[in-house]
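There are 2 protein chains.
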Amino acid sequence: MSTAKRARKPASQSESLAEGVLAGDRRALARAITLIESTRDDHRREAAELLETLLPQAGRSIRLGISGVPGVGKSTFIEALGLKLIEAGHRVAVLAVDPSSQRSGGSILGDKTRMPELASAEAAFIRPSPSRGTLGGVARRTREAMLASEAAGFDVVIVETVGVGQSETTVADMVDLFLLLIAPGGGDELQGIKRGIMEIADLVVVNKADGQLKDEAGRTAAEYQGALQLLRPRSPHWTPRVLLCSALTGSGVPEVWEAVGAYRAAPGLPGEIAARRAEQARQWLWQEVQEGLMAALKADPAVKAEVAALEARVKAGDLPATAAAQVLLRAFLGSR
Amino acid sequence: MSTAKRARKPASQSESLAEGVLAGDRRALARAITLIESTRDDHRREAAELLETLLPQAGRSIRLGISGVPGVGKSTFIEALGLKLIEAGHRVAVLAVDPSSQRSGGSILGDKTRMPELASAEAAFIRPSPSRGTLGGVARRTREAMLASEAAGFDVVIVETVGVGQSETTVADMVDLFLLLIAPGGGDELQGIKRGIMEIADLVVVNKADGQLKDEAGRTAAEYQGALQLLRPRSPHWTPRVLLCSALTGSGVPEVWEAVGAYRAAPGLPGEIAARRAEQARQWLWQEVQEGLMAALKADPAVKAEVAALEARVKAGDLPATAAAQVLLRAFLGSR
Chain A
1 MSTAKRARKP
11 ASQSESLAEG
21 VLAGDRRALA
31 RAITLIESTR
41 DDHRREAAEL
51 LETLLPQAGR
61 SIRLGISGVP
71 GVGKSTFIEA
81 LGLKLIEAGH
91 RVAVLAVDPS
101 SQRSGGSILG
111 DKTRMPELAS
121 AEAAFIRPSP
131 SRGTLGGVAR
141 RTREAMLASE
151 AAGFDVVIVE
161 TVGVGQSETT
171 VADMVDLFLL
181 LIAPGGGDEL
191 QGIKRGIMEI
201 ADLVVVNKAD
211 GQLKDEAGRT
221 AAEYQGALQL
231 LRPRSPHWTP
241 RVLLCSALTG
251 SGVPEVWEAV
261 GAYRAAPGLP
271 GEIAARRAEQ
281 ARQWLWQEVQ
291 EGLMAALKAD
301 PAVKAEVAAL
311 EARVKAGDLP
321 ATAAAQVLLR
331 AFLGSR
Chain B
337 MSTAKRARKP
347 ASQSESLAEG
357 VLAGDRRALA
367 RAITLIESTR
377 DDHRREAAEL
387 LETLLPQAGR
397 SIRLGISGVP
407 GVGKSTFIEA
417 LGLKLIEAGH
427 RVAVLAVDPS
437 SQRSGGSILG
447 DKTRMPELAS
457 AEAAFIRPSP
467 SRGTLGGVAR
477 RTREAMLASE
487 AAGFDVVIVE
497 TVGVGQSETT
507 VADMVDLFLL
517 LIAPGGGDEL
527 QGIKRGIMEI
537 ADLVVVNKAD
547 GQLKDEAGRT
557 AAEYQGALQL
567 LRPRSPHWTP
577 RVLLCSALTG
587 SGVPEVWEAV
597 GAYRAAPGLP
607 GEIAARRAEQ
617 ARQWLWQEVQ
627 EGLMAALKAD
637 PAVKAEVAAL
647 EARVKAGDLP
657 ATAAAQVLLR
667 AFLGSR
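Protein chains in written order, with the numbering used here: chain A, 1 to 336; chain B, 337 to 672.
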């Protein structure tokens with residue numbers, strides 16, 4: 001009796017990718033994220049399949065948003081923090097939301113050359129921001145990359161952003177804890193606190209608290225502490241903290257991770273984080289629906305024919321916005 | 337030869353209402369706003385006609401948003417300010433955005449019994465918040481009521497709100513200047529600054545700066561001044577100011593109106609206000625389109641059949657939000 005080898009159906013791309021990701025293979029994770037970022041229809045279908053396979057293994061991480069303007073030392077800080085975490089046995093993924101990268105020809109975020117030691121660590125995975133599309137599109141791909149990273153066993157996922165426009169609130173909507181990194185204020189460098197950022201920060205870290213800037217850093221920390229005390233806390237379980245550190249020397253970096261630990265361990269916080277993630281997922285669902293609807297409407301030929309003229313009349317005060325909206329809705333929804 | 341009287345077609349409701357509004361008749365304005373607030377389809381069509389007729393006469397006012405928690409003395413302040421403005425020859429309309437009024441059975445905002453002297457002035461018009469519907473619906477009706485008030489010759493339009501949820505940013509999106517009214521802090525009354533409010537305030541007024549609270553008011557003003565200085569100004573032409581006043585005694589109230597005047601007269605501000613209004617109108621257009629689309633989707637039977645189960649799976653982390661969104665979009669958009 002011959003043993004007929006059952007012909008094995010070749011694994012689809014998404015099946016073999018999923019295997020690699022679930023095994024913690026960084027190259028598979030990188031290929032998976034490239035698939036997720038692709039705008040080709042066939043790739044999008046495969047990416048959707050891949051994500052459904054990975055989703056049961058996602059979620060087991062702490063999700064950390066880190067924002068700061070260029071020059072505060074974000075890369076140095078993330079590298080210092082990342083290496084400390086790896087030393088303590090964690091696996092760290094660093095993703096980025098930087099919608100401006102399409103204009104500047106490449107993002108400075110998630111740039112491995114600025115975090116060389118971390119980039120070469122086995123237990124780390126660094127990925128630059130998706131560089132095409134709207135902030136909404138970048139956010140979606142980053143959320144999916146985060147799920148893939150968690151499925152690959154990375155238990156700390158950092159999402160960095162540069163604090164331009166709405167990218168900070170976008171990142172705050174996908175993480176458990178939002179850390180604002182700032183440099184000591186003074187002279188021409190005093191940027192002022194970007195309005196809105198105080199609303200979402202759970203931790204404020206003043207970097208470069210070393211050498212000549214040490215005293216200035218202390219004063220900046222006190223200013224932010226004062227400003228935070230004026231604000232009503234977002235959670236009854238956590239009061240935002242201000243910390244000092246020097247990413248360059250490493251001083252203060254362990255205390256940052258301790259503060260993250262204190263946040264996770266605060267009574268009530270785990271339930272709050274779980275509830276927040278459920279709500280973030282629900283909001284993501286409706287954002288996707290809304291974006292899909294608006295995209296379909298804006299692509300509709302009947303709408304395109306009317307839009308520019310209607311917008312101009314509304315801006316000029318010649319046509320009520322409600323009337324103009326009705327015209328567009330009727331053009332799109334037709335006889336519904 | 338007999339003179340045949342040409343039979344005059346009776347004016348439609350919206351035509352005669354428009355005439356009354358344009359003549360500055362307060363009762364016609366009240367009826368117009370009632371029409372605007374109605375959810376009946378035939379009324380909505382008439383309201384749309386009415387607004388198209390009034391729109392060319394709208395826009396000639398300063399639009400002032402005033403927010404403050406219950407207890408800060410908003411009614412007393414608005415009455416004191418309103419009477420000063422009327423004394424100076426202005427015509428003042430007071431509208432309100434208070435989506436919670438549907439739950440509390442009647443809004444405390446725009447309550448004439450709390451502003452009796454202003455309510456009885458010929459040159460004033462006070463209207464409570466529309467009491468039904470979502471914040472978006474209340475916002476739309478308030479914007480339309482604002483246009484009608486301007487067409488009726490009211491050259492100062494105040495929109496008051498209680499600072500609950502998103503009603504403040506909603507009001508900020510429809511006015512030229514946003515004023516935050518606060519009471520002297522201290523003891524159990526220290527509310528803390530609601531996150532986000534500092535982002536939109538152009539003027540902060542500390543009320544009740546009289547009698548025993550006078551020193552406390554000064555300290556509170558200094559705190560807010562400090563907090564504001566940490567924030568990057570929204571406009572290069574205007575730095576938010578903190579003022580003290582006592583609506584009860586009237587002290588400081590003229591200075592508030594002077595500050596509004598300084599805002600309007602600041603170099604660059606008029607152009608900025610005009611550009612802001614054009615952008616507010618454009619955003620209003622797309623908000624209306626978005627709301628109309630989402631309402632149509634949520635009312636669709638094919639969507640209703642799937643929504644609850646999909647939401648639950650997404651919240652539980654069992655289904656990616658993007659996949660769930662695709663199901664809903666396909667159910668609604670069908671074969672498009």
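Don't be surprised by glycine CBs; every beta carbon is placed ideally from N, CA and C.
Between which two residues does the alpha helix (DSSP H) holding residue i run?
i: PHE77 of chain A; result: 74-87
i: VAL138 of chain A; result: 135-151
i: THR53 of chain A; result: 41-54
i: LEU179 of chain A; result: Per DSSP, LEU179 of chain A belongs to no alpha helix (DSSP H); it is in the beta strand (DSSP E), 177-182.
i: ARG612 of chain B; result: 605-635
i: ALA659 of chain B; result: 657-669
i: VAL589 of chain B; result: 589-601
i: VAL171 of chain A; result: 167-172
i: LEU358 of chain B; result: 349-358
Of the choices the options, whose alpha-carbon is the least far from that of residue i?
i: ILE452 of chain B; options: B:SER411, B:TRP622, B:SER467; result: It should be noted that the sequence gives Pro, not Ile, for residue 452 of chain B. Of the candidates B:SER411, B:TRP622, B:SER467, the one whose C-alpha sits nearest the C-alpha of PRO452 of chain B is B:SER411.
i: GLN225 of chain A; options: A:VAL205, A:ARG234, A:PRO236; result: A:VAL205
i: ILE273 of chain A; options: A:PHE332, A:ALA152, A:MET174, A:LYS304; result: A:MET174
i: TRP574 of chain B; options: B:GLY607, B:PHE490, B:LEU655, B:GLY588; result: B:GLY607
i: LYS84 of chain A; options: A:ALA119, A:VAL156, A:PRO254; result: A:PRO254
i: LEU50 of chain A; options: A:ARG63, A:ILE36, A:GLY59, A:ARG40; result: A:ILE36
i: THR497 of chain B; options: B:ALA455, B:LEU605, B:PHE490, B:LEU400; result: B:LEU400
i: LYS304 of chain A; options: A:ALA48, A:ALA321, A:ARG330; result: A:ARG330
i: ALA558 of chain B; options: B:ILE494, B:ILE518, B:ALA644; result: B:ILE518
i: ALA652 of chain B; options: A:LEU285, A:ALA299, A:THR113; result: A:LEU285
i: THR269 of chain A; options: A:PRO236, A:ASP111, A:LYS112; result: The residue you asked about is not Thr; residue 269 of chain A is Leu in the sequence shown. Nearest of A:PRO236, A:ASP111, A:LYS112 to LEU269 of chain A, Cα basis: A:PRO236.
i: GLU642 of chain B; options: B:SER403, B:ALA457, B:LEU664; result: B:LEU664
i: ALA457 of chain B; options: B:ILE422, B:ASP636, B:VAL405; result: B:ILE422
Around the Cβ of residue i, are there at least 16 other Cβ atoms within 10 angstroms (buried) or fewer (exposed)?
i: SER61 of chain A; result: buried
i: GLY441 of chain B; result: With a pLDDT of only 49 at GLY441 of chain B, under 50, the local geometry of the prediction cannot be trusted, and the value read off the model is given with reservation. By the neighbour-count rule (16 or more Cβ atoms within 10 Å), GLY441 of chain B is not buried but exposed.
i: ARG381 of chain B; result: exposed
i: ASP42 of chain A; result: exposed
i: THR470 of chain B; result: exposed
i: ASP98 of chain A; result: buried
i: ALA291 of chain B; result: The question about residue 291 of chain B has no answer, for chain B in this structure spans 337 to 672.
i: GLN502 of chain B; result: exposed
i: GLU594 of chain B; result: exposed
i: ALA32 of chain A; result: buried
i: PRO656 of chain B; result: buried
i: GLY252 of chain A; result: buried
i: GLY407 of chain B; result: exposed
i: ARG26 of chain A; result: buried
i: ARG143 of chain A; result: buried
i: GLU535 of chain B; result: buried
i: ALA617 of chain B; result: buried
i: ASP538 of chain B; result: buried
Determine, for residue i, whether the minimum Cβ-Cβ distance to residues of chain D falls below 9 Å.
i: ARG140 of chain A; result: Looking at the structure shown, chain D is missing, and the protein chains on hand are A and B.
Taking the beta strand (DSSP E) that residue i belongs to, which residues open and close that run?
i: VAL242 of chain A; result: 241-244
i: ARG399 of chain B; result: 398-403
i: ALA93 of chain A; result: 92-97
i: THR497 of chain B; result: 492-497
i: ALA460 of chain B; result: 460-462
- Query: Contact between the segment 412-428 of chain B and the segment 582-592 of chain B: three or more CB pairs below 8 Å?
  - Reply: The answer is yes - the segment 582-592 of chain B touches the segment 412-428 of chain B, with three or more Cβ pairs under 8 Å.
- Task: Check each residue of the segment 634-665 of chain B: if its Cβ is closer than 8 Å to any Cβ of chain A, include it; give the result in chain order.
- Result: So the list reads LEU646, GLU647, VAL650, LYS651, ALA652, GLY653, ASP654, LEU655, PRO656, ALA657, THR658, ALA659, ALA660, ALA661, GLN662, LEU664, LEU665, given in the order they occur along the chain.
- Message: To be precise: take each residue of the segment 610-631 of chain B, compare its Cβ to all Cβ atoms of chain A, and keep it if any distance is under 7 Å. Which residues remain?
- Response: The segment 610-631 of chain B vs chain A, Cβ under 7 Å: ALA614, ALA617, ARG618, TRP620, LEU621, GLU624, VAL625, GLN626, GLY628, LEU629, MET630.
- Query: So does the segment 255-275 of chain A actually touch the segment 614-632 of chain B, counting three or more Cβ pairs closer than 8 Å?
  - Reply: Between the segment 255-275 of chain A and the segment 614-632 of chain B there are fewer than three inter-stretch CB-CB distances shorter than 8 Å, so the stretches are not counted as touching.
- Item | Near-chain B residues of the segment 15-36 of chain A - C-beta to any C-beta below 9 Å | Of all residues in the segment 15-36 of chain A, none has a Cβ within less than 9 Å of some Cβ in chain B.
- Between the segment 83-97 of chain A and the segment 111-127 of chain A, do three or more beta carbon pairs fall short of 8 Å? Using a Cβ-Cβ distance cut-off of 8 Å, the segment 83-97 of chain A and the segment 111-127 of chain A are in contact, since at least three pairs of beta carbons, one from each stretch, lie closer than that value.
- Item | Cβ pair count under 8 Å reaching 3, the segment 170-188 of chain A against the segment 137-156 of chain A | The answer is yes - the segment 137-156 of chain A touches the segment 170-188 of chain A, with three or more Cβ pairs under 8 Å.
- Message: Would the segment 217-235 of chain A count as touching the segment 541-555 of chain B if we require 3 or more Cβ pairs under 8 Å?
- Response: Segment contact: the segment 217-235 of chain A against the segment 541-555 of chain B, fewer than three CB-CB distances shorter than 8 Å; contact not assigned.
- Message: Output needed in chain order: residues of the segment 376-390 of chain B with a Cβ under 8 Å from some Cβ in chain A.
- Response: So the list reads ALA384, LEU387, GLU388, given in the order they occur along the chain.
- Message: Across the segment 143-152 of chain A and the segment 17-26 of chain A, are there enough close Cβ pairs to call them in contact, namely three or more that are closer than 8 Å?
- Response: Touching, yes, given that three or more Cβ pairs across the two stretches are closer than 8 Å.
- Selection of the segment 554-583 of chain B by Cβ proximity to chain A, strictly under 9 Å: When C-beta distances to chain A are compared with 9 Å, the residues of the segment 554-583 of chain B below that value are GLU559, TYR560, GLY562, ALA563, GLN565, LEU566, LEU567, ARG568, PRO569, ARG570, in chain order.
- Task: Pull out every residue of the segment 393-416 of chain B whose Cβ sits closer than 9 Å to any Cβ of chain A, in chain order.
- Result: Against chain A - using a Cβ distance shorter than 9 Å - the residues of the segment 393-416 of chain B are ALA394, GLY395.
- Task: Would you list, in chain order, the members of the segment 86-100 of chain A that have their beta-carbon closer than 9 Å to a beta-carbon of chain B?
- Result: Taking 9 Å as the upper bound on Cβ-Cβ separation, chain B lies near no residue of the segment 86-100 of chain A.
- Query: In chain order, what residues of the segment 510-522 of chain B put their CB closer than 8 Å to some CB of chain A?
  - Reply: Within the segment 510-522 of chain B, no residue has a Cβ that lies closer than 8 Å to any Cβ of chain A.
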